[in-house]
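So for the sequence shown, full-length UniProt numbering puts the first residue at 1; every next one is plus one. For glycine and all other residues, C-beta sits at the position ideal for the given N, C-alpha and C. These numbers come from a predicted model, not from an experiment.
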Amino acid sequence: MTKITDAGDVTSICVGTGIMPSLIFYYTRPTQENDPMGEGPVFRALIEMIDAPRYMEVKADEQYDKILIKR
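Put into structure tokens, the structure is as follows:
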């Protein structure tokens, strides 16, 4: 989360490009804040985190019957 500020801004997003003939061009691209190219993945990750089930520790012996291989 080092690229998201306390104000919620997404920083260091590479600007979009076309196909370029040099890798150096891609490595030296300028960056900007709150570009939709970078905000979209952040929002999608946040939605997944919200929808994800809460972590609950379940003892192994309570789940044993679910992990047995039935032959």
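Quick one: grab the DSSP three-state call for ILE4. strand
Looking at the structure shown, is VAL42 part of a helix, part of a strand, or coil, going by DSSP? helix
Give me the Cα-Cα distance between ASP35 and THR11, rounded to the nearest whole angstrom. 9 angstroms
Rounded to the nearest angstrom, what separates VAL15 and GLN32 at their Cα positions? 7 angstroms
Does the beta-carbon of GLY40 have 16 or more other beta-carbons within 10 angstroms, so that it is buried, or is it exposed? exposed
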